[in-house]
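Read through the structure below, which is laid out as structure tokens, and then see the notes.
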Amino acid sequence: MTFPKNAWYVAATADEVADKPLGRMVCGERIVFYRSDAAHVAALQDFCPHRGAPLSLGRVCAGKLVCGYHGLEMGCDGKTVAMPGQRVGGFPPIRAYPAVERYGFVWVWPGDATLANADDIPVQPWHKHPDWAYGGGLFHIRCDYRLMVDNLMDLTHETYVHAGTIGQKEIDETPCKTSVNGDEVVTSRFMHGIEAPPFWKMALRGHGLADDVPVDRWQICRFTPPSHVMIEVGVAHAGHGGVEAPPEHKVYSIVVDFITPETETSIHYFWGMARKFQPQDGALTDAIRAGQHKIFSEDLEMLERQQLNLLTWPERPLLKLNIDAGGVQARKVIDRWLAQEQSACSPT
Amino acid sequence: MTFPKNAWYVAATADEVADKPLGRMVCGERIVFYRSDAAHVAALQDFCPHRGAPLSLGRVCAGKLVCGYHGLEMGCDGKTVAMPGQRVGGFPPIRAYPAVERYGFVWVWPGDATLANADDIPVQPWHKHPDWAYGGGLFHIRCDYRLMVDNLMDLTHETYVHAGTIGQKEIDETPCKTSVNGDEVVTSRFMHGIEAPPFWKMALRGHGLADDVPVDRWQICRFTPPSHVMIEVGVAHAGHGGVEAPPEHKVYSIVVDFITPETETSIHYFWGMARKFQPQDGALTDAIRAGQHKIFSEDLEMLERQQLNLLTWPERPLLKLNIDAGGVQARKVIDRWLAQEQSACSPT
Amino acid sequence: MTFPKNAWYVAATADEVADKPLGRMVCGERIVFYRSDAAHVAALQDFCPHRGAPLSLGRVCAGKLVCGYHGLEMGCDGKTVAMPGQRVGGFPPIRAYPAVERYGFVWVWPGDATLANADDIPVQPWHKHPDWAYGGGLFHIRCDYRLMVDNLMDLTHETYVHAGTIGQKEIDETPCKTSVNGDEVVTSRFMHGIEAPPFWKMALRGHGLADDVPVDRWQICRFTPPSHVMIEVGVAHAGHGGVEAPPEHKVYSIVVDFITPETETSIHYFWGMARKFQPQDGALTDAIRAGQHKIFSEDLEMLERQQLNLLTWPERPLLKLNIDAGGVQARKVIDRWLAQEQSACSPT
Numbered sequence: 001m002t003f004p005k006n007a008w009y010v011a012a013t014a015d016e017v018a019d020k021p022l023g024r025m026v027c028g029e030r031i032v033f034y035r036s037d038a039a040h041v042a043a044l045q046d047f048c049p050h051r052g053a054p055l056s057l058g059r060v061c062a063g064k065l066v067c068g069y070h071g072l073e074m075g076c077d078g079k080t081v082a083m084p085g086q087r088v089g090g091f092p093p094i095r096a097y098p099a100v101e102r103y104g105f106v107w108v109w110p111g112d113a114t115l116a117n118a119d120d121i122p123v124q125p126w127h128k129h130p131d132w133a134y135g136g137g138l139f140h141i142r143c144d145y146r147l148m149v150d151n152l153m154d155l156t157h158e159t160y161v162h163a164g165t166i167g168q169k170e171i172d173e174t175p176c177k178t179s180v181n182g183d184e185v186v187t188s189r190f191m192h193g194i195e196a197p198p199f200w201k202m203a204l205r206g207h208g209l210a211d212d213v214p215v216d217r218w219q220i221c222r223f224t225p226p227s228h229v230m231i232e233v234g235v236a237h238a239g240h241g242g243v244e245a246p247p248e249h250k251v252y253s254i255v256v257d258f259i260t261p262e263t264e265t266s267i268h269y270f271w272g273m274a275r276k277f278q279p280q281d282g283a284l285t286d287a288i289r290a291g292q293h294k295i296f297s298e299d300l301e302m303l304e305r306q307q308l309n310l311l312t313w314p315e316r317p318l319l320k321l322n323i324d325a326g327g328v329q330a331r332k333v334i335d336r337w338l339a340q341e342q343s344a345c346s347p348t
Numbered sequence: 001m002t003f004p005k006n007a008w009y010v011a012a013t014a015d016e017v018a019d020k021p022l023g024r025m026v027c028g029e030r031i032v033f034y035r036s037d038a039a040h041v042a043a044l045q046d047f048c049p050h051r052g053a054p055l056s057l058g059r060v061c062a063g064k065l066v067c068g069y070h071g072l073e074m075g076c077d078g079k080t081v082a083m084p085g086q087r088v089g090g091f092p093p094i095r096a097y098p099a100v101e102r103y104g105f106v107w108v109w110p111g112d113a114t115l116a117n118a119d120d121i122p123v124q125p126w127h128k129h130p131d132w133a134y135g136g137g138l139f140h141i142r143c144d145y146r147l148m149v150d151n152l153m154d155l156t157h158e159t160y161v162h163a164g165t166i167g168q169k170e171i172d173e174t175p176c177k178t179s180v181n182g183d184e185v186v187t188s189r190f191m192h193g194i195e196a197p198p199f200w201k202m203a204l205r206g207h208g209l210a211d212d213v214p215v216d217r218w219q220i221c222r223f224t225p226p227s228h229v230m231i232e233v234g235v236a237h238a239g240h241g242g243v244e245a246p247p248e249h250k251v252y253s254i255v256v257d258f259i260t261p262e263t264e265t266s267i268h269y270f271w272g273m274a275r276k277f278q279p280q281d282g283a284l285t286d287a288i289r290a291g292q293h294k295i296f297s298e299d300l301e302m303l304e305r306q307q308l309n310l311l312t313w314p315e316r317p318l319l320k321l322n323i324d325a326g327g328v329q330a331r332k333v334i335d336r337w338l339a340q341e342q343s344a345c346s347p348t
Numbered sequence: 001m002t003f004p005k006n007a008w009y010v011a012a013t014a015d016e017v018a019d020k021p022l023g024r025m026v027c028g029e030r031i032v033f034y035r036s037d038a039a040h041v042a043a044l045q046d047f048c049p050h051r052g053a054p055l056s057l058g059r060v061c062a063g064k065l066v067c068g069y070h071g072l073e074m075g076c077d078g079k080t081v082a083m084p085g086q087r088v089g090g091f092p093p094i095r096a097y098p099a100v101e102r103y104g105f106v107w108v109w110p111g112d113a114t115l116a117n118a119d120d121i122p123v124q125p126w127h128k129h130p131d132w133a134y135g136g137g138l139f140h141i142r143c144d145y146r147l148m149v150d151n152l153m154d155l156t157h158e159t160y161v162h163a164g165t166i167g168q169k170e171i172d173e174t175p176c177k178t179s180v181n182g183d184e185v186v187t188s189r190f191m192h193g194i195e196a197p198p199f200w201k202m203a204l205r206g207h208g209l210a211d212d213v214p215v216d217r218w219q220i221c222r223f224t225p226p227s228h229v230m231i232e233v234g235v236a237h238a239g240h241g242g243v244e245a246p247p248e249h250k251v252y253s254i255v256v257d258f259i260t261p262e263t264e265t266s267i268h269y270f271w272g273m274a275r276k277f278q279p280q281d282g283a284l285t286d287a288i289r290a291g292q293h294k295i296f297s298e299d300l301e302m303l304e305r306q307q308l309n310l311l312t313w314p315e316r317p318l319l320k321l322n323i324d325a326g327g328v329q330a331r332k333v334i335d336r337w338l339a340q341e342q343s344a345c346s347p348t
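Protein sequence lines, in the order shown, are assigned to chains A, B and C.
Under the UniProt record's numbering, the letters of the first sequence match residues 1 to 348, in that order.
Under the UniProt record's numbering, the letters of the second sequence match residues 1 to 348, in that order.
Under the UniProt record's numbering, the letters of the third sequence match residues 1 to 348, in that order.
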């Protein structure tokens with residue numbers, strides 16, 4: 001196994017689990033998600049105990065998941081509630097997974113349910129906060145989830161993959177610094193007195209700030225296990241303190257990345273941007289979402305082809321340069337989690 | 001092997017084997033079908049003994065199958081007849097399969113040819129009978145053929161999968177009865193004094209009968225090995241004896257299902273309906289065929305996803321409820337055939 | 001391994017390797033091709049030593065291949081030249097393959113580089129010769145490269161596969177003669193006093209010759225290892241010496257076939273025609289290319305389905321008739337090369 005299972009993963013956006021059940025594989029588990037009541041989302045093995053039909057093809061009636069094949073009614077604990085003309089007491093249960101709707105996402109814990117604590121779900125302070133706006137999307141990518149973590153923890157790739165939008169030569173030329181605080185890995189880069197790239201010029205103008213003066217730019221990538229990466233990004237007019245500048249001199253946002261393994265070589269990638277400027281401007285949210293969609297699309301082919309290469313040459317070692325430190329340290333944290341999970345499963 | 005090979009299977013509809021040869025895999029065998037003369041259909045291994053080209057890419061000339069690659073002429077016994085510029089006496093033969101055109105279908109026996117007896121092909125009394133009309137079609141479905149047998153031997157699924165057309169709550173609520181007579185398995189359900197569902201209202205009107213009075217409805221599913229399921233279905237105005245009512249009070253038909261394994265996890269599904277009302281009404285035949293096509297399409301995703309689930313969780317046992325008795329008993333018959341076939345192959 | 005690796009293969013047409021790098025698998029090797037300067041094409045393992053990204057997704061800057069992920073600059077010897085902010089001296093090299101642009105193609109040697117000698121690339125006398133014109137194309141086909149060699153060394157298939165264009169009954173009826181001269185295999189067929197088929201009637205008219213008189217027609221197929229097949233084809237007005245007739249009585253051309261294994265069961269097939277009539281007529285070149293594209297397309301399904309059959313019945317022997325002698329002898333030459341390559345790799 002290459003991913004921890006005792007962890008909270010984003011399984012879906014909240015609006016994906018509406019009237020109908022949603023089937024989705026997370027960490028190799030086929031799971032059906034549905035709303036058992038207004039306040040709760042349930043997550044079950046996507047397997048009807050009757051004849052193995054996928055429950056995700058069924059429907060939700062009064063909070064019960066009804067199998068679309070022969071009408072078995074399943075409860076959110078994985079125990080059959082009823083079935084026309086049958087006594088269901090002896091029906092074998094199916095697995096129920098801890099699941100929580102929070103911060104606009106449905107979170108699932110694919111591992112040992114007794115260890116799940118919803119308090120461990122990482123707080124998303126921007127969610128429904130009047131000072132923030134959020135827009136995002138979902139990509140399916142055929143690569144190991146750790147390649148996506150590497151991608152986000154080394155933004156020098158922006159200079160090459162995203163040359164026309166957010167890339168600029170200074171990213172490449174400015175060294176980054178990586179630090180590890182327990183399970184958190186932080187890679188940061190600060191650029192001073194540079195020209196803002198197109199995306200940030202647009203943001204400056206939108207915030208009523210001049211876009212033709214030198215700026216300080218920052219990128220602070222924060223990895224937390226199993227595979228969440230939050231990136232603080234922004235620019236401030238030069239000479240006002242950079243990331244510490246007062247609000248009237250800067251524009252900034254958080255790139256939100258939840259990377260959920262589907263299998264060992266494929267992911268559901270939930271990406272978005274929470275911004276702290278013009279939060280009421282819905283058109284701006286749409287424009288940023290569209291721009292981010294385009295930018296992140298540029299990574300897809302690279303990641304899938306890189307994955308193919310790694311499968312073709314499994315024996316070739318990869319380099320671990322200073323720019324790779326973020327990904328390298330993140331993998332060390334992941335490995336520690338995996339070892340811990342492994343030892344917890346072993347006989348004492 | 002999960003399917004008997006010493007059995008007659010429907011390989012094609014008669015019109016599929018016309019001027020050109022037809023290549024189709026049946027029970028894991030790649031077979032080419034063609035008309036060796038007006039009265040006969042031949043079935044051969046789809047492999048030219050010259051260089052292995054598929055004979056199904058060739059053409060038929062005066063009853064001989066001519067390879068489309070280099071012109072080898074093949075006889076219907078699997079022996080090469082001629083080839084330009086060659087003596088063909090020593091050419092290795094290819095396998096010939098017993099094949100018969102009957103009742104509008106091409107039947108093939110993929111197993112031991114010495115055991116094939118065309119008299120064992122199940123009689124289809126509706127074929128070309130003036131009192132009957134027939135319409136049908138063909139689906140390719142990626143599932144074990146026994147999942148389709150299960151589907152047809154437990155019609156409670158109609159209430160859920162076909163809720164808008166032939167399903168109704170009473171099917172679910174009325175117990176079925178299953179009996180076994182030698183190799184035949186019969187599951188029947190009789191509903192009394194109910195409202196006719198949309199399909200049967202249409203049929204009643206077409207037959208000049210009121211559609212707004214209570215009816216008796218019946219479903220009698222008959223499985224015979226290897227995988228044929230004929231279902232007698234109909235409604236009669238209540239109070240006239242149900243299935244035994246005289247013709248002027250009822251409408252009825254036979255749902256014809258020939259399920260032919262392609263591989264262990266895929267099938268050619270020949271479906272149709274033979275009806276004993278308005279047999280001359282070609283437009284009605286077309287309308288019923290279109291309706292049945294739509295209804296049976298609703299089963300496809302369910303069956304394919306169920307198959308995927310069973311491959312994902314091979315160790316999970318399935319339930320065998322009373323409603324499953326038809327499928328369960330059918331599998332017992334199949335298993336008996338398989339065991340018999342196995343022991344016939346074993347050294348004594 | 002079914003193909004020699006110590007050999008020159010056509011990897012691409014010259015115009016496929018222009019401003020951008022080209023990724024292509026040859027003999028199981030993932031290779032990136034690019035122009036390192038105006039006069040040279042380089043071929044490297046398609047794997048960035050940094051993190052395994054495919055270099056073919058990068059770009060070419062001043063003759064260096066720049067990785068599209070993080071900007072590593074690769075030299076044409078497989079050694080990293082530079083990378084922003086890095087010392088690259090210790091970076092592991094990637095494999096460089098001998099590659100040469102010649103005769104309008106990019107040639108690559110996927111085996112032991114120390115054995116490569118560009119003088120062994122087969123001379124294409126028609127290339128840029130004022131008396132000749134050339135047009136061609138590229139197909140990807142899922143078959144063993146030897147099936148394509150067989151196809152081209154036995155033109156009796158034209159009678160069946162290409163009945164409407166270049167096939168005619170006389171090909172089938174006229175015996176061919178096969179000879180072996182060292183590594184070269186030649187299969188030739190001479191037809192006398194026949195009617196020209198449509199393609200050659202068009203050529204006769206284009207050359208100002210009558211198309212309604214008997215002609216002599218010839219087909220001389222020359223195989224050289226690893227998998228090149230050049231076919232001299234033409235017609236002359238009967239009674240002037242056939243293939244030896246003086247130029248004013250004949251039209252002729254060379255069918256050019258370079259068959260490059262991608263994997264053991266797929267090929268890049270570079271086909272074309274070099275003709276020695278109306279060389280200045282560009283519209284004729286286009287018409288011939290379009291015609292050849294259509295004709296060679298007719299082989300695709302046959303070859304792919306034949307491959308499928310051979311994988312289905314690996315134990316079935318194929319016949320080796322007189323018409324197959326060209327392909328059979330070509331395989332003997334290939335086997336000799338393979339054995340030689342094998343023994344060179346073995347310890348002494």
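Glycine residues also receive a C-beta, built at the ideal position from the N, C-alpha and C atoms.
These numbers were taken from a predicted model, which means no experiment stands behind them.
> Just checking, does the segment 41-55 of chain C make contact with the segment 73-90 of chain C on the three C-beta pairs under 8 Å criterion?
Replying inline: Yes, since at least three Cβ pairs between the segment 41-55 of chain C and the segment 73-90 of chain C fall closer than 8 Å, the two stretches touch.
> So which of T224(A), R305(A) and G239(A) has the shortest CA-CA distance to V123(A)?
Replying inline: T224(A)
> What did DSSP end up calling A133(A) once you bin it into helix, strand or coil?
Replying inline: strand
>> On the DSSP letters alone, give me the boundaries of the beta strand (DSSP E) that W126(C) sits inside.
In response: Taken as a continuous stretch (DSSP letters only), W126(C) belongs to no beta strand (DSSP E), as it is neither H nor E.
>> Given a cut-off of 8 Å on the beta-carbon distance, is the pair V255(B) and L204(B) in contact?
In response: For V255(B) and L204(B), no; Cβs fall outside 8 Å.
> Cβ atoms of D281(C) and N151(C): under 8 Å apart, would you say?
Replying inline: Not a contact, by the Cβ cut-off of 8 Å.
>> Taking 6 Å as the limit between beta carbons, can you name the residues of its chain near I166(A), skipping five residues before and five after?
In response: Answer for I166(A): E158, P197 and F199, listed in chain order.
> Of all the alpha helix (DSSP H) runs that stay within the bounds of the segment 196-246 of chain C, which reach a length of 4 or more residues?
Replying inline: 198-206
>> Between S266(C), Q292(C), Y145(C) and G239(C), which has its C-alpha nearest S253(C)'s C-alpha?
In response: Q292(C)
>> Taking CB distances under 8 Å as the criterion, tell me whether T159(A) reaches chain C.
In response: yes
>> Per DSSP, what are the beta-bridge partners of N151(A) in this structure?
In response: Looking at the DSSP assignment, N151(A) forms no beta bridge with any residue, so it has no partner.
>> DSSP three-state label for Q340(C), please.
In response: helix
> Are there 16 or more other CB atoms within 10 angstroms of the CB of N309(B), so buried, or fewer, so exposed?
Replying inline: buried
> Can we say the segment 262-273 of chain B touches the segment 182-196 of chain B, given the rule of at least three CB pairs closer than 8 Å?
Replying inline: no
> Given that Q329(B) touches chain A, what residues does it touch there, using C-beta distances under 7 Å?
Replying inline: Chain A residues near Q329(B): none, gap ~15 Å exceeds 7 Å.
>> Can you tell me whether E262(C) is buried or exposed? The criterion is at least 16 other CB atoms within 10 Å of its CB, across all chains shown.
In response: buried
> Residue range of the beta strand (DSSP E) that Y34(C) falls in?
Replying inline: E29 to D37 is the span of the beta strand (DSSP E), which, as asked, contains Y34(C).
> Along chain C, which residues have their Cβ under 8 Å away from the Cβ of L57(B)?
Replying inline: E301, M302 and R305
> Considering only C-alpha positions, which residue in the set E232(B), F258(B), D112(B) and E248(B) is nearest to residue 408(B)?
Replying inline: Because chain B spans 1 through 348 in this model, residue 408(B) falls outside it and cannot be assessed.
> Residues in the segment 157-182 of chain C with C-beta within 8 Å of chain B's C-beta atoms, listed in sequence order?
Replying inline: H157, T159, Y160, V161, D172, E173 and P175
> Quick one: Cα of L303(A) to Cα of T260(C), how far?
Replying inline: 28 Å
> Hey, is I323(A)'s beta-carbon within less than 8 Å of any beta-carbon in chain C?
Replying inline: yes
>> Just to check my reading of the structure: F190(C) and G241(C) have Cβ atoms closer than 8 Å, yes? What is that Cβ distance to the nearest angstrom?
In response: Rounded, the Cβ-Cβ distance is 11 Å, inconsistent with contact.
> Within 8 Å (strictly less), CB to CB, does G52(C) reach chain A?
Replying inline: yes
>> Taking the beta strand (DSSP E) that K250(C) belongs to, which residues open and close that run?
In response: The continuous beta strand (DSSP E) containing K250(C) extends over residues K250 to T263.
> To the nearest angstrom, how far is it from the Cα of D211(B) to the Cα of S297(A)?
Replying inline: Counting only the Cα atoms, S297(A) lies some 57 Å from D211(B).
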